[in-house]
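Structure first, then comments.
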Amino acid sequence: MQNRNVITYTALIVGYAQNGKGLYSLLLYDQMISAGIAPDYITFIGLLFACSHTGSLEKGRSYFNSMDNIHGIKPGAEHYACMIDLLGRSGNLSEAKQLLDQMDVEPDATVWKSLLGACRMHKELEMGEMAAKELFELEPKNSMPYVMLSNLYSAAGRWEDAAKIRKLMKCRGISKEPGSSWTQANGKTHTFVSEDRSHPMMARIYSKIDEVIALIKEAGYVPDMSFVLHDMEREGKELGLAYHSEKLALAFGLLVVPSGAVIRIYKNLRVCGDCHTAFKYISSLYDRHIVLRDSNCFHHFVDGKCSCGDYW
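For what it's worth, numbering that gives the first Met the number 0 labels the leading residue of the sequence shown as 0, then goes sequentially.
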(Lines of atoms letter the chains of each structure in order from A and count residues from 1; the text may use other names and numbers.)
(Lines give C-alpha, C1' and ligand atoms only; values in the text may rest on other atoms or scores of the structure.)
Protein backbone atom coordinates (compact mmCIF):
# COMPACT_ATOMS: atom_id res chain seq x y z
CA MET A 1 0.00 0.00 0.00
CA GLN A 2 1.56 3.30 -1.11
CA ASN A 3 -0.65 5.79 0.74
CA ARG A 4 -0.55 4.75 4.37
CA ASN A 5 -2.32 7.15 6.71
CA VAL A 6 -4.55 7.15 9.77
CA ILE A 7 -7.59 6.25 7.65
CA THR A 8 -6.06 3.18 6.00
CA TYR A 9 -4.50 1.92 9.23
CA THR A 10 -7.71 2.49 11.19
CA ALA A 11 -9.81 0.67 8.57
CA LEU A 12 -7.55 -2.38 8.87
CA ILE A 13 -7.43 -2.22 12.68
CA VAL A 14 -11.23 -2.09 12.91
CA GLY A 15 -11.70 -4.74 10.22
CA TYR A 16 -9.38 -7.24 11.87
CA ALA A 17 -10.89 -6.52 15.30
CA GLN A 18 -14.43 -7.19 14.08
CA ASN A 19 -13.53 -10.44 12.35
CA GLY A 20 -11.75 -12.40 15.05
CA LYS A 21 -8.23 -11.22 14.14
CA GLY A 22 -7.67 -8.80 17.00
CA LEU A 23 -4.00 -9.65 17.45
CA TYR A 24 -3.36 -8.35 13.92
CA SER A 25 -5.03 -5.10 14.99
CA LEU A 26 -2.50 -4.71 17.81
CA LEU A 27 0.41 -5.40 15.45
CA LEU A 28 -0.90 -2.86 12.94
CA TYR A 29 -1.19 -0.25 15.67
CA ASP A 30 2.47 -0.78 16.57
CA GLN A 31 3.39 -0.37 12.89
CA MET A 32 1.29 2.76 12.70
CA ILE A 33 3.02 4.38 15.68
CA SER A 34 6.46 3.32 14.39
CA ALA A 35 5.64 5.01 11.08
CA GLY A 36 4.93 8.26 12.92
CA ILE A 37 1.21 8.23 12.15
CA ALA A 38 -0.96 9.52 15.00
CA PRO A 39 -4.11 7.55 15.88
CA ASP A 40 -7.52 9.20 16.03
CA TYR A 41 -10.79 8.72 17.92
CA ILE A 42 -11.93 5.81 15.71
CA THR A 43 -8.54 4.09 15.84
CA PHE A 44 -8.91 3.62 19.57
CA ILE A 45 -12.41 2.18 19.24
CA GLY A 46 -11.04 -0.55 16.98
CA LEU A 47 -7.98 -1.03 19.15
CA LEU A 48 -9.91 -1.37 22.42
CA PHE A 49 -12.46 -3.64 20.74
CA ALA A 50 -9.55 -5.83 19.63
CA CYS A 51 -8.23 -5.93 23.20
CA SER A 52 -11.62 -6.95 24.61
CA HIS A 53 -11.90 -9.80 22.08
CA THR A 54 -8.38 -11.12 22.59
CA GLY A 55 -8.23 -10.82 26.38
CA SER A 56 -5.41 -8.27 26.15
CA LEU A 57 -6.16 -6.64 29.49
CA GLU A 58 -2.89 -4.85 30.22
CA LYS A 59 -2.54 -3.59 26.65
CA GLY A 60 -6.11 -2.33 26.80
CA ARG A 61 -5.42 -0.43 30.00
CA SER A 62 -2.28 1.06 28.47
CA TYR A 63 -4.00 2.12 25.24
CA PHE A 64 -6.94 3.63 27.13
CA ASN A 65 -4.67 5.65 29.43
CA SER A 66 -2.59 6.84 26.47
CA MET A 67 -5.59 8.36 24.71
CA ASP A 68 -5.69 11.56 26.74
CA ASN A 69 -2.24 11.44 28.35
CA ILE A 70 -0.25 11.00 25.12
CA HIS A 71 -2.54 11.65 22.16
CA GLY A 72 -4.86 14.30 23.60
CA ILE A 73 -8.01 12.34 22.72
CA LYS A 74 -10.81 12.43 25.28
CA PRO A 75 -12.43 8.97 25.62
CA GLY A 76 -16.04 8.81 24.48
CA ALA A 77 -18.82 6.44 25.49
CA GLU A 78 -17.66 3.94 22.83
CA HIS A 79 -14.19 3.72 24.37
CA TYR A 80 -15.59 3.32 27.87
CA ALA A 81 -17.91 0.57 26.62
CA CYS A 82 -14.94 -1.33 25.16
CA MET A 83 -12.94 -0.96 28.36
CA ILE A 84 -15.85 -2.04 30.55
CA ASP A 85 -16.34 -5.02 28.24
CA LEU A 86 -12.62 -5.88 28.49
CA LEU A 87 -12.55 -5.56 32.28
CA GLY A 88 -15.80 -7.47 32.63
CA ARG A 89 -14.76 -10.35 30.37
CA SER A 90 -11.56 -10.74 32.40
CA GLY A 91 -13.56 -10.96 35.63
CA ASN A 92 -12.68 -7.50 36.93
CA LEU A 93 -16.30 -6.50 37.46
CA SER A 94 -15.63 -4.17 40.39
CA GLU A 95 -13.06 -2.26 38.35
CA ALA A 96 -15.48 -2.15 35.42
CA LYS A 97 -18.21 -0.63 37.61
CA GLN A 98 -15.71 1.82 39.12
CA LEU A 99 -14.69 2.97 35.64
CA LEU A 100 -18.35 3.42 34.72
CA ASP A 101 -18.94 5.54 37.83
CA GLN A 102 -15.95 7.73 36.95
CA MET A 103 -16.88 8.34 33.30
CA ASP A 104 -16.41 11.88 32.00
CA VAL A 105 -19.42 11.42 29.71
CA GLU A 106 -22.92 10.15 30.40
CA PRO A 107 -23.07 6.33 30.20
CA ASP A 108 -25.19 5.32 27.22
CA ALA A 109 -26.94 2.04 26.50
CA THR A 110 -23.83 0.50 24.95
CA VAL A 111 -21.91 1.02 28.19
CA TRP A 112 -24.62 -0.60 30.31
CA LYS A 113 -24.92 -3.48 27.81
CA SER A 114 -21.20 -4.15 28.18
CA LEU A 115 -21.56 -4.35 31.95
CA LEU A 116 -24.69 -6.51 31.74
CA GLY A 117 -22.99 -8.90 29.32
CA ALA A 118 -20.07 -9.30 31.71
CA CYS A 119 -22.47 -9.95 34.57
CA ARG A 120 -24.17 -12.66 32.50
CA MET A 121 -20.80 -14.23 31.74
CA HIS A 122 -19.71 -14.32 35.38
CA LYS A 123 -23.18 -14.84 36.91
CA GLU A 124 -22.97 -11.58 38.90
CA LEU A 125 -26.64 -11.15 39.71
CA GLU A 126 -26.79 -8.00 41.85
CA MET A 127 -24.77 -5.84 39.44
CA GLY A 128 -26.62 -7.41 36.51
CA GLU A 129 -29.97 -6.39 37.97
CA MET A 130 -28.76 -2.81 38.28
CA ALA A 131 -27.45 -2.71 34.69
CA ALA A 132 -30.66 -4.23 33.32
CA LYS A 133 -32.84 -1.69 35.13
CA GLU A 134 -30.78 1.16 33.68
CA LEU A 135 -31.37 -0.30 30.22
CA PHE A 136 -35.10 -0.65 30.87
CA GLU A 137 -35.12 3.16 31.16
CA LEU A 138 -32.72 3.93 28.30
CA GLU A 139 -34.19 1.49 25.77
CA PRO A 140 -37.67 0.55 27.01
CA LYS A 141 -38.58 -1.45 23.89
CA ASN A 142 -35.33 -3.40 23.58
CA SER A 143 -35.78 -7.05 24.57
CA MET A 144 -32.06 -7.61 25.21
CA PRO A 145 -31.85 -6.50 28.90
CA TYR A 146 -35.02 -8.42 29.77
CA VAL A 147 -33.70 -11.59 28.17
CA MET A 148 -30.27 -11.20 29.76
CA LEU A 149 -31.74 -10.63 33.22
CA SER A 150 -34.07 -13.60 32.79
CA ASN A 151 -31.06 -15.70 31.78
CA LEU A 152 -29.17 -14.50 34.86
CA TYR A 153 -32.04 -15.56 37.10
CA SER A 154 -32.26 -18.93 35.34
CA ALA A 155 -28.52 -19.53 35.74
CA ALA A 156 -28.91 -18.81 39.46
CA GLY A 157 -31.84 -21.22 39.74
CA ARG A 158 -34.26 -18.39 40.47
CA TRP A 159 -36.91 -19.71 38.12
CA GLU A 160 -39.79 -17.67 39.56
CA ASP A 161 -37.89 -14.42 39.04
CA ALA A 162 -37.03 -15.48 35.49
CA ALA A 163 -40.72 -16.15 34.83
CA LYS A 164 -41.62 -12.72 36.25
CA ILE A 165 -39.29 -11.04 33.77
CA ARG A 166 -40.88 -12.94 30.88
CA LYS A 167 -44.30 -11.92 32.17
CA LEU A 168 -43.15 -8.30 32.42
CA MET A 169 -42.03 -8.44 28.79
CA LYS A 170 -45.45 -9.68 27.77
CA CYS A 171 -47.22 -6.96 29.76
CA ARG A 172 -45.07 -4.29 28.13
CA GLY A 173 -45.54 -5.70 24.65
CA ILE A 174 -41.87 -6.61 24.24
CA SER A 175 -41.06 -9.73 22.25
CA LYS A 176 -37.74 -11.55 21.91
CA GLU A 177 -36.52 -12.18 18.40
CA PRO A 178 -36.70 -15.96 17.89
CA GLY A 179 -33.32 -17.58 17.38
CA SER A 180 -32.81 -19.23 14.02
CA SER A 181 -29.89 -20.72 12.11
CA TRP A 182 -29.54 -21.49 8.44
CA THR A 183 -27.16 -23.10 6.02
CA GLN A 184 -27.06 -23.71 2.29
CA ALA A 185 -26.89 -26.98 0.41
CA ASN A 186 -27.60 -27.91 -3.19
CA GLY A 187 -28.59 -24.36 -4.04
CA LYS A 188 -31.19 -24.12 -1.27
CA THR A 189 -31.28 -22.38 2.10
CA HIS A 190 -32.24 -24.62 5.02
CA THR A 191 -33.47 -22.79 8.13
CA PHE A 192 -33.83 -24.22 11.63
CA VAL A 193 -35.26 -23.03 14.94
CA SER A 194 -34.77 -24.58 18.35
CA GLU A 195 -36.33 -28.08 18.63
CA ASP A 196 -37.46 -27.73 15.01
CA ARG A 197 -39.09 -30.82 13.47
CA SER A 198 -40.30 -29.38 10.17
CA HIS A 199 -37.35 -30.29 7.93
CA PRO A 200 -37.88 -33.25 5.56
CA MET A 201 -34.66 -34.84 6.86
CA MET A 202 -35.48 -34.25 10.52
CA ALA A 203 -35.38 -37.92 11.54
CA ARG A 204 -31.83 -38.24 10.20
CA ILE A 205 -30.84 -34.87 11.67
CA TYR A 206 -32.01 -35.80 15.18
CA SER A 207 -30.33 -39.18 14.91
CA LYS A 208 -27.11 -37.40 13.90
CA ILE A 209 -27.34 -35.02 16.85
CA ASP A 210 -27.78 -37.91 19.27
CA GLU A 211 -24.70 -39.57 17.75
CA VAL A 212 -22.69 -36.33 17.94
CA ILE A 213 -23.63 -35.54 21.55
CA ALA A 214 -22.75 -39.06 22.69
CA LEU A 215 -19.37 -38.86 20.93
CA ILE A 216 -18.36 -35.44 22.27
CA LYS A 217 -19.44 -36.43 25.79
CA GLU A 218 -16.95 -39.29 25.62
CA ALA A 219 -14.30 -36.70 24.68
CA GLY A 220 -15.09 -34.54 27.72
CA TYR A 221 -17.97 -32.29 26.69
CA VAL A 222 -20.30 -31.44 29.57
CA PRO A 223 -23.61 -29.69 28.75
CA ASP A 224 -23.68 -26.22 30.31
CA MET A 225 -26.97 -26.08 32.18
CA SER A 226 -26.66 -22.34 32.79
CA PHE A 227 -27.93 -21.85 29.24
CA VAL A 228 -31.21 -23.65 30.00
CA LEU A 229 -33.92 -21.04 30.48
CA HIS A 230 -36.70 -23.12 32.06
CA ASP A 231 -36.87 -25.28 35.16
CA MET A 232 -37.08 -28.97 34.25
CA GLU A 233 -35.46 -32.32 34.94
CA ARG A 234 -31.80 -32.72 33.93
CA GLU A 235 -32.63 -34.99 30.99
CA GLY A 236 -35.03 -32.39 29.61
CA LYS A 237 -32.41 -29.68 30.05
CA GLU A 238 -29.84 -31.70 28.10
CA LEU A 239 -32.28 -32.34 25.27
CA GLY A 240 -33.18 -28.65 25.15
CA LEU A 241 -29.50 -27.76 24.73
CA ALA A 242 -28.91 -30.51 22.18
CA TYR A 243 -31.63 -29.23 19.89
CA HIS A 244 -30.63 -25.56 19.65
CA SER A 245 -31.00 -24.21 16.12
CA GLU A 246 -27.26 -24.00 15.42
CA LYS A 247 -26.75 -27.63 16.47
CA LEU A 248 -29.58 -28.72 14.16
CA ALA A 249 -27.98 -26.80 11.30
CA LEU A 250 -24.60 -28.37 12.04
CA ALA A 251 -26.05 -31.88 12.17
CA PHE A 252 -27.63 -31.24 8.77
CA GLY A 253 -24.27 -29.97 7.49
CA LEU A 254 -22.48 -33.08 8.71
CA LEU A 255 -24.99 -35.16 6.75
CA VAL A 256 -24.93 -33.31 3.43
CA VAL A 257 -21.68 -31.32 3.13
CA PRO A 258 -18.90 -33.49 1.63
CA SER A 259 -15.93 -34.40 3.78
CA GLY A 260 -13.19 -31.79 3.41
CA ALA A 261 -15.60 -29.01 2.50
CA VAL A 262 -16.35 -26.16 4.90
CA ILE A 263 -19.67 -26.26 6.76
CA ARG A 264 -21.09 -22.71 6.83
CA ILE A 265 -23.83 -21.74 9.26
CA TYR A 266 -25.47 -18.39 9.96
CA LYS A 267 -27.33 -17.39 13.12
CA ASN A 268 -29.39 -14.25 13.71
CA LEU A 269 -28.44 -14.03 17.42
CA ARG A 270 -25.29 -14.56 19.47
CA VAL A 271 -24.29 -18.23 19.62
CA CYS A 272 -24.84 -19.63 23.11
CA GLY A 273 -21.84 -20.73 25.15
CA ASP A 274 -22.87 -24.38 25.19
CA CYS A 275 -23.17 -24.55 21.40
CA HIS A 276 -19.83 -22.77 21.05
CA THR A 277 -18.17 -25.41 23.23
CA ALA A 278 -19.89 -28.24 21.37
CA PHE A 279 -18.79 -26.87 17.98
CA LYS A 280 -15.16 -26.91 19.11
CA TYR A 281 -15.40 -30.59 20.09
CA ILE A 282 -17.21 -31.45 16.85
CA SER A 283 -14.64 -29.69 14.65
CA SER A 284 -11.93 -31.83 16.23
CA LEU A 285 -13.66 -35.21 16.42
CA TYR A 286 -15.17 -35.00 12.92
CA ASP A 287 -12.15 -33.22 11.40
CA ARG A 288 -14.34 -30.48 9.94
CA HIS A 289 -13.82 -26.78 9.37
CA ILE A 290 -16.99 -25.07 10.60
CA VAL A 291 -17.71 -21.40 9.99
CA LEU A 292 -20.46 -19.88 12.10
CA ARG A 293 -21.51 -16.27 11.53
CA ASP A 294 -23.53 -15.05 14.51
CA SER A 295 -24.67 -11.53 15.41
CA ASN A 296 -21.25 -10.74 16.86
CA CYS A 297 -18.59 -12.11 14.51
CA PHE A 298 -17.36 -14.95 12.31
CA HIS A 299 -16.32 -18.06 14.24
CA HIS A 300 -13.92 -20.45 12.49
CA PHE A 301 -13.84 -23.80 14.30
CA VAL A 302 -10.83 -25.92 13.38
CA ASP A 303 -9.12 -28.72 15.34
CA GLY A 304 -11.07 -28.01 18.52
CA LYS A 305 -10.38 -24.28 18.59
CA CYS A 306 -12.30 -21.17 17.58
CA SER A 307 -10.82 -18.14 15.87
CA CYS A 308 -12.52 -15.87 18.42
CA GLY A 309 -10.37 -17.32 21.20
CA ASP A 310 -13.58 -17.71 23.24
CA TYR A 311 -14.05 -13.92 23.27
CA TRP A 312 -17.20 -13.01 21.39
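All C-beta atoms, glycine included, are put in the ideal place defined by N, C-alpha and C.
Check: Does the distance from the CB of Phe191 to the CB of Ala248 come in under 7 Å?
Finding: Taking the first residue of the sequence shown as 1, we reach residue 191 at position 192. Taking the first residue of the sequence shown as 1, we reach residue 248 at position 249. Yes; because the gap between Cβ atoms is below 7 Å, this pair is in contact.
Next item on the list: In angstroms with no decimal places, state the Cα-to-Cα distance between Met129 and Ala34.
Entry: Counted from its first residue, the sequence shown places residue 129 at position 130. Counted from its first residue, the sequence shown places residue 34 at position 35. Cα to Cα, the separation comes out at about 45 Å.
Note to self: Within 10 Å of its beta-carbon, does Thr188 have 16 or more other beta-carbons around it, so buried, or fewer, so exposed?
What the structure shows: One-based indexing of the sequence shown puts residue 188 at position 189. Classification of Thr188: exposed, given that the 10 Å Cβ count is below 16.
Next item on the list: Leaving aside the five residues before and after Ile72 along the sequence, list all residues of the same chain whose C-beta is less than 8 Å from its C-beta, in chain order.
Entry: Within the sequence shown, numbered from 1, the residue matching residue 72 stands at position 73. So the qualifying residues of the chain are Pro38, Asp39, Tyr40, Phe43 and Met66.
Next item on the list: Could you tell me which residues DSSP pairs with Tyr23 in its beta bridges?
Entry: Here residue 23 corresponds to residue number 24 of the sequence shown, with the count starting at 1. None; Tyr23 has no bridge partner.
Notebook entry, point to check: Straight-line CA distance for Pro139 to Gly172?
Noted result: Along the sequence shown, one-based indexing puts residue 139 at 140. Along the sequence shown, one-based indexing puts residue 172 at 173. Just so you know, the alpha carbons of Pro139 and Gly172 end up roughly 10 Å apart.
Check: What's the C-alpha gap between Tyr8 and Asp309?
Finding: Taking the first residue of the sequence shown as 1, we reach residue 8 at position 9. Taking the first residue of the sequence shown as 1, we reach residue 309 at position 310. Using only the alpha carbons, I get a separation of about 26 Å.
Check: By a C-beta neighbour count over all protein chains shown, 10 Å radius and 16 as the cutoff for buried, is Lys266 buried or exposed?
Finding: Reading the sequence shown from its first residue, position 267 is the one you call residue 266. So Lys266 ends up on the buried side.
Next item on the list: Pick out whichever of His52, Ile289 and Arg88 has its Cα sitting closest to the Cα of Glu123.
Entry: Residue 123 sits at position 124 when you count from the first residue of the sequence shown. Closest in C-alpha terms to Glu123, from the list His52, Ile289 and Arg88, comes Arg88.
Notebook entry, point to check: For the candidate residues Tyr28, Ala108, Leu56 and Met147, whose alpha-carbon lies nearest to that of Cys271?
Noted result: In the sequence shown, residue 271 corresponds to position 272, counting from 1. For Cys271, the nearest C-alpha among the options comes from Met147.
Item checked: DSSP-derived helix/strand/coil call for Gln183 -> By one-based count along the sequence shown, residue 183 stands at place 184. The answer is strand: DSSP assigns Gln183 an E or B state.
Check: Which residues mark the beginning and the end of the alpha helix (DSSP H) in which His78 is found?
Finding: Reading the sequence shown from its first residue, position 79 is the one you call residue 78. Ala76 to Arg88 is the extent of the alpha helix (DSSP H) around His78.
Checklist line | Exposure label - Ile212; buried when at least 16 CB within 10 Å | finding: Along the sequence shown, read from residue 1 onward, the residue named residue 212 stands at position 213. With a 10 Å radius around the Cβ and a threshold of 16 neighbouring Cβ atoms, Ile212 comes out buried.
Next item on the list: Return the chain-ordered list of same chain residues with a C-beta closer than 6 Å to the C-beta of Ser294, the five sequence neighbours on each side being excluded.
Entry: Along the sequence shown, one-based indexing puts residue 294 at 295. Excluding sequence neighbours, Ser294 sits near Leu268 and Arg269.
Note to self: Looking at the ligand FAD, does it come within less than 6 Å of Ala241, judged from the CB to the closest heavy atom?
What the structure shows: Ligands are entirely absent from the displayed structure, and the ligand FAD is therefore not among its contents.
Next item on the list: Taking only the alpha-carbon atoms, compute the straight-line gap between Glu331 and Phe63 and give it to the nearest angstrom.
Entry: This structure gives no information on residue 331, because the portion of the chain shown stretches from 0 to 311.
Item checked: Asp84 beta carbon less than 7 Å from that of Ser61 -> Numbered from 1 along the sequence shown, position 62 holds the residue referred to as residue 61. Numbered from 1 along the sequence shown, position 85 holds the residue referred to as residue 84. Going by C-beta atoms, Ser61 is not nearer than 7 Å to Asp84.
Note to self: Within the continuous alpha helix (DSSP H) that includes Lys279, where are the two ends?
What the structure shows: The residue you call residue 279 lines up with position 280 of the sequence shown. Under the DSSP assignment, Lys279 falls in the alpha helix (DSSP H) whose first and last residues are Gly272 to Leu284.
Item checked: CB contact flag (Cys81, Leu47, <7 Å) -> To locate residue 81, count along the sequence shown from 1; it is residue 82. To locate residue 47, count along the sequence shown from 1; it is residue 48. Contact: yes.
Notebook entry, point to check: For Ala241, is the classification buried or exposed, using 16 other Cβ atoms within 10 angstroms of its Cβ as the cut-off for buried?
Noted result: Counted from its first residue, the sequence shown places residue 241 at position 242. Classification for Ala241: buried.
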